[in-house]
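In this note's numbering, the protein residues as written are 38 to 543.
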């Protein structure tokens with residue numbers, strides 16, 4: 038089916054229907070559709086829709102159909118309840134390792150690299166019967182906010198292909214938004230799952246740092262990185278998070294604790310929940326964004342939540358803290374890409390090893406990657422270490438302490454996810470720093486290791502989705518998800534992208 042034909046059909050039907058993991062699981066359980074049939078629907082939709090948005094950079098059709106047949110066979114043999122993800126397709130950001138498949142990070146550096154192992158979070162999905170449709174587009178090495186710096190080209194927003202899908206997990210968010218994946222895994226180092234989720238009108242969840250293993254996620258800034266579900270609904274994110282969370286011996290930062298299912302605690306009751314508003318987080322946001330988030334706040338008030346004003350003294354330092362420490366960690370992590378151990382190696386002649394490494398890295402890395410590596414080297418240099426890196430570490434501890442104190446006054450904090458709705462690709466700020474300011478609301482959760490969610494709360498004057506963010510204290514993942522569900526369930530927003538794939542009129 039051609040794109041134009043599909044768009045006409047969707048308009049006649051009144052828009053794309055969002056189908057949750059729970060709904061798909063019920064369809065499979067009732068044998069109204071098989072996993073093979075469902076997977077073929079998604080593969081067909083990818084073939085039709087993806088050329089217009091470039092969400093997928095590779096499609097694993099053969100593997101998907103084999104996994105789908107295996108899931109159907111497993112379902113026939115099960116005597117009890119099946120895992121909710123059994124037989125349901127998904128997609129992965131291309132910085133998550135799958136054994137035997139390319140993990141390129143959309144960089145020339147790893148263009149031909151095949152992983153020798155599978156990421157822990159991904160393996161947990163496979164163990165529960167998930168089906169891999171393919172790998173999704175991203176900014177090079179997850180550095181960017183617009184998914185336009187990778188070697189496979191930009192990802193386009195399903196609501197308006199002249200707009201960005203956001204980044205760096207833009208392909209993952211666009212795939213869910215355009216209904217060519219029920220859910221995806223992205224990563225969130227400084228808002229990289231939540232920001233594109235906001236732009237694309239879907240839900241992006243960044244869990245408490247240390248509750249999901251980073252093993253098999255290509256390292257960017259290790260103290261910030263977090264694998265994050267992106268889905269159509271809050272409950273979908275909870276289902277995926279419940280599946281992938283837990284201690285992992287391969288990741289020393291994972292937390293040893295009792296991990297109770299979050300899904301069981303989602304009931305939509307927020308009566309008495311204290312939601313904090315920090316006005317600083319609303320500054321420099323568009324009127325459409327501010328109005329949409331404040332309407333959401335009134336919805337919470339109507340549900341019995343208590344709205345309180347809060348002040349976070351060091352909140353304005355979050356962005357410089359993030360970029361100083363983040364760039365320092367990037368410069369350290371990226372030392373491995375030298376043309377010797379693995380990855381791209383220059384084809385040009387060179388005088389010695391240093392010259393070879395210099396040429397390799399100059400040819401393989403894009404401008405944003407080079408910029409952050411050089412900044413990191415600068416911050417870690419002998420003359421600047423104390424003034425920049427050490428001071429940023431100290432301020433990070435102070436900011437974390439400020440948030441711990443604020444959470445004595447409120448249970449959660451609400452804010453916009455991004456200052457604006459999706460931006461055009463010709464967005465060209467006066468300087469690079471202004472470009473990074475788009476991350477002002479989202480980096481806080483990464484700096485402090487807090488759980489945070491972005492979900493749609495309205496549209497701007499052009500009909501583009503607007504996202505709101507909820508941030509909670511460490512290990513309050515269930516509360517964050519339940520509070521997000523309360524709004525989603527009450528507001529019942531109807532957002533329909535221009536391009537849409539699979540529907541379930543079964």
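In this text, a Cβ means the ideal position worked out from N, Cα and C, and glycines have one as well.
Model, not experiment: these values are computed from the prediction.
What are the start and end residues of the beta strand (DSSP E) that includes residue 27?
It is not possible to answer for residue 27, since the shown part of the chain is limited to 38 through 543.
Determine the burial state of residue 419: buried for a count of at least 16 other Cβ atoms within 10 Å of its Cβ, exposed for fewer.
exposed
Through-space distance from residue 247 to residue 115, alpha-carbon basis
33 Å
Ignoring anything shorter than 3 residues or poking outside the stretch 52–98, list the beta strand (DSSP E) runs there in chain order.
93–96
In whole angstroms, what separates the C-alpha of residue 285 from that of residue 255?
16 Å
Within the continuous beta strand (DSSP E) that includes residue 507, where are the two ends?
Annotation: the continuous beta strand (DSSP E) that includes residue 507 extends over 502–508.
Closest by C-alpha distance to residue 350, when choosing among 171, 434, 200:
Closest by alpha carbon: 434.
For residue 449: DSSP bridge partner residues:
312
Near residue 477, what residues of its chain come up, given a Cβ to Cβ distance below 6 Å and the 5 sequence neighbours on each side ignored?
Within the same chain, 356 come within 6 Å of residue 477 by CB-CB distance, once the 5 residues on both sides are set aside.
Minimum length 4: unbroken alpha helix (DSSP H) runs contained in the stretch 182–242
Fully contained in the stretch 182–242 are the following alpha helix (DSSP H) runs of length 4 or more, in chain order: 207–214, 231–237.
Cβ neighbours of residue 100 in the same chain (closer than 7 Å, five flanking residues each side left out):
169
What's the C-alpha gap between residue 535 and residue 195?
6 Å
Own chain residues within Cβ distance below 6 Å of residue 120, not counting five before or after:
165, 166
Please name the residue or residues paired with residue 460 in a DSSP beta bridge.
For residue 460, DSSP records no beta bridge to any residue.
Exposure label - residue 132; buried when at least 16 CB within 10 Å:
Buried, because 16 or more other Cβ atoms sit within 10 Å of the Cβ of residue 132.
Tell me which same chain residues have a C-beta within less than 7 Å of the C-beta of residue 277, skipping the five on either side of it?
220, 266, 268
Counting only beta-carbon atoms, is residue 84 nearer than 8 Å to chain D?
In the displayed structure, chain D is absent; only one protein chain is listed.
Between the Cα of residue 359 and the Cα atoms of 429, 88, 453, 129, which residue gives the shortest distance?
The residue with the shortest Cα to Cα distance from residue 359 is 429.
In angstroms, rounded to a whole number, what distance separates the CA positions of residue 57 and residue 274?
10 Å
Excluding sequence positions up to five away, which residues of its chain have a Cβ less than 8 Å from the Cβ of residue 461?
If we look at residue 461 and ignore the five residues flanking it on each side, its Cβ neighbours are 199, 200, 201.
For residue 357, which of helix, strand or coil comes out of DSSP?
helix
Taking its Cβ as the centre, do 16 or more other Cβ atoms sit within 10 Å of residue 308, making it buried, or is it exposed?
exposed
Residue 49, buried or exposed, once every other Cβ within 10 Å from all chains shown has been counted against 16:
Reliability of the predicted coordinates at residue 49 is poor, the pLDDT of 32 falling under 50, and the value obtained from them is presented with this limitation in mind. By the 10 Å Cβ count, residue 49 comes out exposed.
Alpha carbon to alpha carbon, what distance is there between residue 92 and residue 184?
10 Å
Check whether residue 505 and residue 492 have beta carbons under 8 Å apart:
yes
The beta strand (DSSP E) that contains residue 175, what's its start and end?
Careful: residue 175 lies outside any beta strand (DSSP E) and carries neither H nor E.
Rounding to the nearest angstrom, what Cα-Cα distance links residue 232 and residue 386 in this structure?
In this structure, the CA atom of residue 232 is about 42 Å from the CA atom of residue 386.
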